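S.K.:
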Amino acid sequence: MATHRLLLLPGDGIGPEVMEEVKRILAIIEARGILSLSIDEGLVGGCAYDAHGVAISDADVEKAQAADTVLLGAVGGPKWDSVAYEHRPEAGLLRLRKDLELFANLRPAICYPALADSSALKRELVDGLDLMIVRELTGGVYFGEPKEITDLPNGQKRAVDTQVYETYEIERIAKVAFELARVRSGRVTSADKRNVMKSGLLWNQVVTATHKQGYEDVKLDHMLADALGMQLVRAPKQFDVIVTDNLFGDILSDVASMLTGSLGMLPSASLGAEDENGRRKALYEPVHGSAPDIAGKGVANPLAMIASLAMALKYSLGKPEVADLLDRAISQTLADGIRTGDIHSEGTTKVGTTDMGKAVAERFEKALTGA
Ligand code: NAD
Ligand code: IPM
Ligand code: MN
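Here the sequence shown stands for residues 1 to 371, numbered as in full-length UniProt numbering.
1) So I242 packs on I25, CB below 8 Å; how close in whole Å?
2) Check whether the Cβ of N204 sits closer than 7 Å to any heavy atom of the ligand NAD, and report yes or no.
3) With respect to the alpha helix (DSSP H) encompassing E365, which residues constitute its N-terminal and C-terminal limits?
4) Does any heavy atom of the ligand IPM sit closer than 7 Å to the C-beta of E362?
5) Between the C-alpha atoms of R107 and L100, what's the straight-line distance to the nearest angstrom?
6) DSSP has L267 in a bridge; who is on the other side?
7) Please state the DSSP three-state secondary structure of P16.
8) Keeping to the same chain, check which residues put their C-beta closer than 7 Å to that of D12; ignore five residues upstream and five downstream.
9) Among G298, G352, A84 and A256, which one has its Cα closest to the Cα of D130?
10) The ligand MN and D226: does any heavy atom of the ligand fall closer than 7 Å to the residue's C-beta?
11) Does the ligand NAD have a heavy atom nearer than 7 Å to the CB of T340?
12) Report yes if the C-beta distance between T162 and V141 is below 8 Å; otherwise report no.
13) How about residue 378: is its Cβ closer than 7 Å to a heavy atom in the ligand IPM?
14) What does DSSP give as the partner residues of A191 in its beta bridges?
15) Checking the sheet assignment: what are the DSSP bridge partners for N105?
16) What is the rounded straight-line gap between the Cα of D254 and the Cα of D342?
17) Less than 7 Å between the CB of D12 and some heavy atom of the ligand MN, yes or no?
18) Can E148 be considered in contact with the ligand IPM, in the sense that its beta carbon sits closer than 7 Å to one or more heavy atoms?
19) Give me the residue from G347, D60 and A295 with the minimum Cα distance to I14.
20) Once the 5 residues before and after V196 are set aside, which same chain residues still bring their CB inside 8 Å of it?
21) Leaving out five residues before and five after Y215 in sequence, what residues of the same chain have Cβ atoms less than 7 Å from its Cβ?
22) According to DSSP, simplified to helix, strand and coil, what is S185?
23) Note down, in chain order, each residue of its chain lying with its Cβ closer than 6 Å to the Cβ of H344, except the 5 sequence neighbours on either side.
24) Cβ of G46 versus every heavy atom of the ligand IPM: is any distance shorter than 7 Å?
25) Would you kindly check if the distance between the Cβ of L125 and the Cβ of A235 is under 8 Å?
26) Provide the residue(s) that pair with V243 in DSSP beta bridges, ordered along the chain.
27) Would you check whether the ligand NAD has a heavy atom nearer than 7 Å to the C-beta of N301?
28) Under the criterion of a Cβ to heavy atom distance below 7 Å, does G261 qualify as lining the ligand IPM?
Take a look at the structure:
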């Protein structure tokens, strides 16, 4: 059996807490002989800054480059608020995304049946919701140059961020969205601001042109990103795959999380281009952050992190059937009335991070034995 190299980057705040629960699942996977894993750990974010004075060391970037799969917890926190911009915890994550060319960020938002009453929206609007936000991850205003704050002669300051997209960046993310739609409900909605942004205009044109290059079997719609935000909370089930740029994708995925019951539910996969052997670099992480308000209390919801491992099993580790069992273990845990505090729900048992992790692990083990 081939050995997969896994790099764990727990990060800051609740990152290490939720990563512990992934380790529990990984131990089961190894013990059962499902995969042979070589697991290494590294530092990213504020913890890396504290250890090395940078948000990620070159050595840890190299480890990530060499790994088959990277699993990341979360980065950031108030402790590093006054750190120089280029050394902020978030810079470590952005460097990983850029250096590994992880341009395709898949953020599924699924409302598990047991959580249809936990969403901020009415049950009928979210029950059965299963949408996929495809966020461009290595371009746009996150990385465009110049990016600076300069002093003006009048004593004021001027801040500039630059939104840049080139044709190839839009084309490759559009293809990812069309291909995903083919194995889902066959619909893509592309969101941009072509009414005010040149980059939005190019986005719209390139997505339309790419659609004509052999993807006409997929139904394509375009929506202005602000209107899409509104539609997401008015009638979210109209969407299947949403493809959008780096910043809109960031915001819209946090909005989508509340349709599912909690931000603590949303996993993500960040994928690079396929090489000649059909392999792609990949990093899996929850959509949520380091949650400084609850860090250290043992109450964080580990389900987004565990579901990120399920995505890794599906997209990188060649075990889609094990990924399904893990997803079902999550669904079963929720159906059994077990909840962490972030999930609004009456008449259910509220547990901490460890007990939620154990509950999923137990159900996963049972499913593996077919019991
Ligand atoms: P956040 O996602 O950390 O928290 C937002 C709210 O959701 C908080 O009330 C938090 O308690 C709650 N929450 C989030 N995840 C939860 C979980 N798993 N279980 C229970 N509750 C959960 O966003 P924020 O507070 O705006 O940002 C905090 C820090 O995290 C910032 O430094 C930010 O840059 C960083 N951040 C990192 C990532 C990442 O590492 N991928 C993502 C988003 C934010
Ligand atoms: C996310 C986060 C990151 C982003 C931050 C921490 C850099 O909010 O992954 O959603 O803005 O992409
Ligand atoms: Mn975000």
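A virtual CB, placed ideally from N, CA and C, is assigned to each residue, including glycine.
Computed from a predicted model, the values in this text were never measured in an experiment.
M.R.: According to the data block:
1) Going by Cβ atoms, the distance from I242 to I25 rounds to 29 Å, so no, they are not a contact pair.
2) Outside the cutoff, so no.
3) First-last of the alpha helix (DSSP H) with E365: T353 to T369.
4) Every heavy atom of the ligand IPM is 7 Å or more from the Cβ of E362, so no.
5) Rounded to the nearest angstrom, the two C-alpha atoms are 18 Å apart.
6) Here residue 267 is Pro; the residue named in the question, Leu, does not match the sequence. Note: P267 sits in a beta bridge opposite P286.
7) When secondary structure is reduced to three states using DSSP, P16 falls in the helix class.
8) Excluding residues up to 5 positions away in sequence, G45, G46, C47, A74, V75, G76, G77, P89 and S290 lie with their Cβ nearer than 7 Å to the Cβ of D12 in the same chain.
9) For D130, the closest alpha carbon among the candidates G298, G352, A84 and A256 is that of A256.
10) Between the ligand MN and D226, a heavy atom-to-CB distance of less than 7 Å is absent.
11) Relative to the ligand NAD, the nearest heavy atom lies less than 7 Å away from the CB of T340.
12) The answer is yes: Cβ separation under 8 Å.
13) Residue 378 is absent from the model: the chain starts at 1 and stops at 371.
14) Answer is M223, bridged to A191.
15) Paired residue(s): R135 and S270.
16) Distance between the alpha carbons of D254 and D342 is about 14 Å.
17) Answer for D12: no, Cβ out of range of the ligand MN.
18) Checking the Cβ of E148 against the ligand IPM gives no.
19) Closest option to I14, Cα to Cα, is A295.
20) The answer is none, since no qualifying residue turns up.
21) Annotation for Y215: F178 place their beta carbon closer than 7 Å to its own, counting only its chain and skipping 5 residues before and after.
22) Under the three-state reduction of DSSP output, S185 falls in the coil class, being neither helix nor strand.
23) Correct list, in chain order: S118.
24) No - the ligand IPM has no heavy atom lying nearer than 7 Å to the Cβ of G46.
25) Between A235 and L125, the C-beta gap is smaller than 8 Å, which places the two residues in contact.
26) Paired residues: V134 and S190.
27) Within the cutoff, so yes.
28) G261 Cβ: outside cutoff for every heavy atom of the ligand IPM.
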